[in-house]
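Trainee: Going by the UniProt record's numbering, the sequence shown opens with residue 1, and the numbers climb by one from there.
Don't be surprised by glycine CBs; every beta carbon is placed ideally from N, CA and C.
Note that the coordinates shown come from a computational prediction; the quantities given were computed from them, not determined experimentally.
The following block contains the structure, expressed as structure tokens.
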Amino acid sequence: MDSTTPALTNAQLNRRILSVIIFTFFCYLSVGLPLAVLPGFVHNQLGYSSFMAGLIISVQYFATLVSRPQSGRLADAFGPKKVVMLGMSCCGLSGVLTILAGLAIATPELSLTLLAAGRVFLGVGESFSSTGATLWGMKIVGSTQTARVISWNGVATYLAMALGAPTGVALNALMGIHGFAALVTLMGGVGLLLASRKPAVSVAVGARIALHRVVSKVWAYGLGLGLGTIGFGVIATFITLYFASRQWQGAAFALSLFSIGFVLMRLSFSRTITRYGGLLVSACSFALECAGLLLIWQADSAWLVDVGAFCTGAGFSLVFPALGVEAVKQVAVPNQGAALGIYSAFLDLALGLTGPLAGLLINHAGMSSIWPAAALVVLAAMLLTLRLWQKSRYSVTNSV
Numbered sequence: 001m002d003s004t005t006p007a008l009t010n011a012q013l014n015r016r017i018l019s020v021i022i023f024t025f026f027c028y029l030s031v032g033l034p035l036a037v038l039p040g041f042v043h044n045q046l047g048y049s050s051f052m053a054g055l056i057i058s059v060q061y062f063a064t065l066v067s068r069p070q071s072g073r074l075a076d077a078f079g080p081k082k083v084v085m086l087g088m089s090c091c092g093l094s095g096v097l098t099i100l101a102g103l104a105i106a107t108p109e110l111s112l113t114l115l116a117a118g119r120v121f122l123g124v125g126e127s128f129s130s131t132g133a134t135l136w137g138m139k140i141v142g143s144t145q146t147a148r149v150i151s152w153n154g155v156a157t158y159l160a161m162a163l164g165a166p167t168g169v170a171l172n173a174l175m176g177i178h179g180f181a182a183l184v185t186l187m188g189g190v191g192l193l194l195a196s197r198k199p200a201v202s203v204a205v206g207a208r209i210a211l212h213r214v215v216s217k218v219w220a221y222g223l224g225l226g227l228g229t230i231g232f233g234v235i236a237t238f239i240t241l242y243f244a245s246r247q248w249q250g251a252a253f254a255l256s257l258f259s260i261g262f263v264l265m266r267l268s269f270s271r272t273i274t275r276y277g278g279l280l281v282s283a284c285s286f287a288l289e290c291a292g293l294l295l296i297w298q299a300d301s302a303w304l305v306d307v308g309a310f311c312t313g314a315g316f317s318l319v320f321p322a323l324g325v326e327a328v329k330q331v332a333v334p335n336q337g338a339a340l341g342i343y344s345a346f347l348d349l350a351l352g353l354t355g356p357l358a359g360l361l362i363n364h365a366g367m368s369s370i371w372p373a374a375a376l377v378v379l380a381a382m383l384l385t386l387r388l389w390q391k392s393r394y395s396v397t398n399s400v
């Protein structure tokens, strides 16, 4: 589609992208719906510990992490349409298993097992649906629009997550666990039907290199993403506890401002990636994210924390598409799905590690210690990105 892309208007490009990014929205709405409900179900209704309640949530993250590289490899080999259809099927099956878990509440061991199985399928569904939809979008509008595709994918992700949690709570209050589980099942089925009716894109012909070679080409960009994700991870996990420790109200508003900063930056400045390059944009983004975290650390009032959260969200916003554009450039077209999957896995790994590592730091140095620590990690991401930028400029200079 690259030859036809220049003739498309911005509106046409966005319509094409959104026609497949809708599957990312379905997927992450399914991810968001159980988040605020399942821990209470496991702890209060099944009678398990808080640790087990948290572990049930984490099962999905690790399933996503393990399956993410394979989702990209399968998309390269069989086409993104088939991978999205498989992902939607897994999401729908997770809803079915959750319904069965609700029916088996009288047998806690069986109910917990069904929940865990559902979380595994949801994790696989997340990696397959999101990676497949992103690659599908790249195929239908051309590689020159990679940044736009990844940016819209992120907007769909965070919008769905923001809507999912309160919707899940409301449905749980009305119908119990079956309420949100039925919606997850429905979205999986509708997504599968819609994907099956869309025309497939051709699979790139060419040599596919071994997965470890793909890793060797994109790991530095993934590491930058992972380090930069720490700021998001500590805010999402600990901002509520931080407000409580300071006896402040309004932690939810701070989270909302983080999301608003994220979405506004994505919608307003995603074109800067194409104009100035992903490495320079990501370095500037890390600087803003770092400043936001330091502002939260030094804040003596809730409204300053709100400003810091907004800056952190705005800073983190362009990191994924900016470094993602550079990561997929490192491999030929037949391996771009694998590169995207491996690159994305660093985000999953960072989110999985942030909670326990930051929790250990809090135990040893207090709640406030996580903000300067996260800022230092993000600063390391900025320095890494600047180093990659210098190397890229040196390579271009030598090739002239």
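(1) Just checking, does the segment 141-155 make contact with the segment 260-269 on the three C-beta pairs under 8 Å criterion?
(2) Could you check where the alpha helix (DSSP H) with I362 kicks off and where it finishes?
(3) For a test of the three-state rule: what should DSSP assign to L135, helix, strand or coil?
(4) Could you tell me if P166 is buried or exposed, where buried requires 16 or more neighbouring beta carbons within 10 angstroms of its beta carbon?
(5) Quick check: the segment 336-354 against the segment 59-76, are there 3 or more CB pairs under 8 Å?
(6) Using the C-alpha atoms, what's the distance from L288 back to A200?
(7) Counting Cβ pairs, one atom from each stretch, are 3 or more of them under 8 Å apart for the segment 354-361 and the segment 233-246?
(8) Give me the residue from S94, L192 and F128 with the minimum Cα distance to V78.
(9) What's the gap between the Cα of L227 and the Cα of P108?
(10) Checking 8 Å against the spacing of the C-beta atoms, do G164 and L8 come in under that value?
(11) For A314, does the count of other Cβ atoms within 10 angstroms reach 16, so buried, or fall short, so exposed?
(12) How big is the Cα-Cα spacing for N14 and R148?
(13) Could you check which residue in F41, P80, S30 and D76 has the C-alpha nearest to that of A101?
(14) Could you give the first and the last residue of the continuous alpha helix (DSSP H) run that contains W248?
(15) From the DSSP output, in three-state form, read off S3 for me.
(16) Counting along the chain, where does the alpha helix (DSSP H) carrying K329 start and finish?
(17) Between A195 and the rest of its own chain, which residues show a CB-CB distance below 8 Å, the 5 nearest in sequence each way excluded?
(18) Which residue's Cα is closest to the Cα of S130: C27, K139 and T113?
(19) May I ask you to report which of helix, strand or coil DSSP gives L192?
(20) Roughly how many whole angstroms lie between the Cα atoms of A283 and L103?
(21) What do you get for M64, buried or exposed, if any count of 16 or more other CB atoms within 10 angstroms of its CB means buried?
(22) Does the beta-carbon distance from L293 to A374 come in below 8 Å?
(23) Taking G132 as the reference, give the member of L353, L388, T354 and G337 with the closest Cα.
(24) Inspect the beta-carbon positions of I140 and G324 and report whether they are closer than 8 Å.
(25) For the segment 209-260, which segments carrying the alpha helix (DSSP H) assignment without a break, of at least 4 residues, lie completely within its bounds, in sequence order?
(26) I need the DSSP call for S19, collapsed to helix, strand or coil.
(27) In chain order, what residues of the same chain have a beta carbon less than 7 Å from the beta carbon of I273, not counting five sequence neighbours either side?
(28) Let's test the definition: count the other Cβ atoms within 10 Å of the Cβ of D306 and tell me whether it reaches 16, buried, or not, exposed.
(29) So for Y48, helix, strand or coil by DSSP?
(30) Could you please give the first and the last residue of the uninterrupted alpha helix (DSSP H) stretch that includes L35?
(31) Taking Cβ positions, are L46 and I105 nearer each other than 8 Å?
(32) Taking only the alpha-carbon atoms, compute the straight-line gap between M187 and A291 and give it to the nearest angstrom.
(33) Helix or strand or just coil, what does DSSP make of T107?
(34) Shorter than 8 Å from the beta carbon of A358 to some beta carbon of chain B?
(35) Report all residues from its chain with a CB closer than 7 Å to the CB of A53; omit the five preceding and five following residues, and keep chain order.
(36) Run through DSSP, which three-state label would A381 get?
Mentor: Here's the rundown:
(1) yes
(2) Position 362 of the sequence shown, counting from 1, holds the residue named residue 362. Note, I362: alpha helix (DSSP H), Q336 to A365.
(3) By one-based count along the sequence shown, residue 135 stands at place 135. L135 falls in the helix class under three-state DSSP.
(4) Numbered from 1 along the sequence shown, position 166 holds the residue referred to as residue 166. Exposed, by the Cβ-count rule.
(5) yes
(6) For the purposes of this step, residue 200 is identified with residue 200 of the sequence shown, where counting begins at 1. For the purposes of this step, residue 288 is identified with residue 288 of the sequence shown, where counting begins at 1. In a straight line, the C-alpha of A200 is about 40 Å away from that of L288.
(7) yes
(8) Mapped onto the sequence shown, residue 78 falls at position 78. Just to set this straight, residue 78 is Phe in the shown sequence, not Val. Nearest option by C-alpha distance: F128.
(9) Along the sequence shown, read from residue 1 onward, the residue named residue 227 stands at position 227. Along the sequence shown, read from residue 1 onward, the residue named residue 108 stands at position 108. The straight-line gap from Cα to Cα measures roughly 38 Å.
(10) Numbered from its first residue, the sequence shown carries residue 164 at position 164. Numbered from its first residue, the sequence shown carries residue 8 at position 8. No, the Cβ-Cβ distance between G164 and L8 is not below 8 Å.
(11) On the sequence shown, position 314 is the one that residue 314 refers to. By the 10 Å Cβ count, A314 comes out buried.
(12) For the purposes of this step, residue 14 is identified with residue 14 of the sequence shown, where counting begins at 1. For the purposes of this step, residue 148 is identified with residue 148 of the sequence shown, where counting begins at 1. So the two alpha carbons sit approximately 8 Å from each other.
(13) Start at 1 with the first residue of the sequence shown, and residue 101 comes out as number 101. Minimum Cα distance to A101 is reached at F41.
(14) On the sequence shown, position 248 is the one that residue 248 refers to. First-last for W248: undefined, no H or E at that position.
(15) Walking along the sequence shown from the start, residue 3 turns up at place 3. Here S3 scores only 42 on pLDDT, less than 50, and its place in the model should not be relied on; the value that follows carries that caveat. Residue state, collapsed to three classes: coil.
(16) For the purposes of this step, residue 329 is taken as the residue at position 329 of the sequence shown. Per DSSP, K329 belongs to the alpha helix (DSSP H) from V319 to K329.
(17) Start at 1 with the first residue of the sequence shown, and residue 195 comes out as number 195. Answer for A195: F23, K81, V84, M85 and M88, listed in chain order.
(18) Taking the first residue of the sequence shown as position 1, residue 130 is located at position 130. Measuring from the Cα of S130, the nearest candidate turns out to be C27.
(19) For the purposes of this step, residue 192 is taken as the residue at position 192 of the sequence shown. In the structure shown, L192 sits in a helix (DSSP, three-state: H, G or I).
(20) Taking the sequence shown and counting its residues from 1, one reaches residue 283 at position 283. Taking the sequence shown and counting its residues from 1, one reaches residue 103 at position 103. Their Cα atoms are separated by approximately 50 Å.
(21) Locating residue 64 in the sequence shown gives position 64, where the first residue counts as 1. Residue identity differs from the one stated: residue 64 is Thr in this sequence, not Met. It is buried - the Cβ of T64 has at least 16 other Cβ atoms within 10 Å.
(22) In the sequence shown, the residue the question calls residue 293 occupies position 293. In the sequence shown, the residue the question calls residue 374 occupies position 374. Yes, the pair counts as a contact, with Cβ atoms nearer than the cut-off.
(23) Counting from one through the sequence shown, the residue named residue 132 turns up at place 132. Residue G337 is the option with its Cα nearest to G132.
(24) Translated into positions along the sequence shown, residue 140 becomes position 140. Translated into positions along the sequence shown, residue 324 becomes position 324. Taking 8 Å as the Cβ cut-off, I140 and G324 do not qualify as a contacting pair.
(25) 211-245
(26) Taking the first residue of the sequence shown as 1, we reach residue 19 at position 19. Helix at S19.
(27) If you number the sequence shown from 1, residue 273 lands on position 273. So the qualifying residues of the chain are A147, V281, L318, P321, A322 and V325.
(28) By one-based count along the sequence shown, residue 306 stands at place 306. Buried.
(29) Here residue 48 refers to the residue found at position 48 of the sequence shown. Residue state, collapsed to three classes: coil.
(30) Here residue 35 refers to the residue found at position 35 of the sequence shown. Note, L35: premise wrong, no alpha helix (DSSP H); not H, not E.
(31) Stepping through the sequence shown from its first residue, residue 46 is reached at position 46. Stepping through the sequence shown from its first residue, residue 105 is reached at position 105. Yes; because the gap between Cβ atoms is below 8 Å, this pair is in contact.
(32) Indexing the sequence shown from 1 puts residue 187 at position 187. Indexing the sequence shown from 1 puts residue 291 at position 291. Those two C-alpha atoms are separated by around 39 Å.
(33) Working through the sequence shown from its first residue, we reach residue 107 at position 107. Three-state DSSP puts T107 in coil, outside helix and strand.
(34) Going by chain labels, chain B is absent from the structure shown, which holds only one protein chain.
(35) One-based indexing of the sequence shown puts residue 53 at position 53. Answer for A53: P39, V42 and H43, listed in chain order.
(36) For the purposes of this step, residue 381 is taken as the residue at position 381 of the sequence shown. A381: helix per DSSP, three-state reduction.
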